[in-house]
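The sequence shown begins at 1 in full-length UniProt numbering and counts up one residue at a time. These notes concern the structure reproduced below.
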Amino acid sequence: MFTSLVRSFKKYRDFKRLKDKDFAFLFCESNDDEVVVIDTETTGLDPKKDEILSIGAVKVKNNKILTSQTFEVYLKNSKEIDAKSIEIHGIRPCDLVNAKESDEAIKEFLKFIGSSKLVGYYLEFDVAMINRYTRPLLGIELPNEMVEISELYFDKTITLIPQGNIDLRFDTIMQNYDLPSMGAHNAVNDAIMTAMIYLKLTN
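Right, here's the structure in full:
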């Protein structure tokens, strides 16, 4: 109950800080039948200095992945992409020729997710990266409730291996549930694969 009160207070405080009331919908009650699974590709792993290159998302409603309702956007970045990061996410400078300004991209993303619960694999990092843009733009951090896939997997697996070491790597979880790979590694495909894991863990 205390945690719930703290969350409610923070949500109320952030609503008061919201610079653009056109985004008040972020603070509406979420629909329990729908979540949005998100993923980001970034220039590095430091939310304080690195930037988002792309955001991918897919909606899950009534235990179904709505592949017809996916979201993908590329963001312009202010510095050269490191060669090592290109090896990881495969996003090259030429892929960002038609990328959108960060403010426009983030606003489109916020309109897609609305007030839905957010689901992700190591979601804390993705949200920290997104908050780097929402704070100067809207004066707030994402108010959405969040569901961490690795925590769900740990909680479900620890009952089977109470004293064992649990491998929380994404590929391992996919293999353990015999889930198909989406092929190309990008934010949308990663979001869809994460959605598949989410359905396995919650059904």
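Backbone N, C-alpha and C define an ideal beta-carbon position, used for all residues, glycine too.
Over what stretch of residues does the beta strand (DSSP E) that includes residue i continue unbroken?
i	result
I113	Not the beta strand (DSSP E): I113 falls in the alpha helix (DSSP H), residues S102 to I113.
M146	M146 to E148
F27	Element bounds for F27: n/a, residue is neither H nor E.
V188	Taken as a continuous stretch (DSSP letters only), V188 belongs to no beta strand (DSSP E), being part of the alpha helix (DSSP H) at A187 to T202.
With DSSP collapsed to three states, give me the class of residue i.
i	result
T157	helix
residue 218	Any answer about residue 218 is impossible in this case: the structure gives the chain only from 1 up to 203.
F73	Checking the sequence, you will find Val at residue 73 rather than Phe. In the structure shown, V73 sits in a strand (DSSP, three-state: E or B).
L118	strand
P143	coil
Can you tell me where the alpha helix (DSSP H) holding residue i begins and where it ends?
i	result
E124	L123 to L138
D171	F170 to N176
A99	Looking at the DSSP string, A99 is not in any alpha helix (DSSP H), and its letter there is neither H nor E.
For residue i, write down the residues that DSSP places opposite it in a beta bridge.
i	result
S54	E41 and Y74
K61	E34 and K64
With three or more beta-carbon pairs closer than 8 Å as the criterion, would you say the stretch 13-23 touches the stretch 153-170? With the cut-off at 8 Å, the stretch 13-23 and the stretch 153-170 do not touch.
Three CB pairs or more closer than 8 Å across the stretch 35-42 and the stretch 167-176: The answer is no - the stretch 167-176 does not touch the stretch 35-42, with fewer than three Cβ pairs under 8 Å.
Do the stretch 90-97 and the stretch 61-71 make contact, defined as three or more Cβ pairs closer than 8 Å? In this structure the stretch 90-97 does not touch the stretch 61-71; the number of beta carbon pairs closer than 8 Å is below three.
Are the stretch 100-109 and the stretch 118-128 in contact at 8 Å, needing three or more beta carbon pairs? By the Cβ test, the stretch 100-109 is not in contact with the stretch 118-128, since fewer than three Cβ pairs between them sit closer than 8 Å.
Is there contact here, the stretch 139-149 with the stretch 49-64, by at least three beta-carbon pairs under 8 Å? No, the stretch 139-149 is not in contact with the stretch 49-64.
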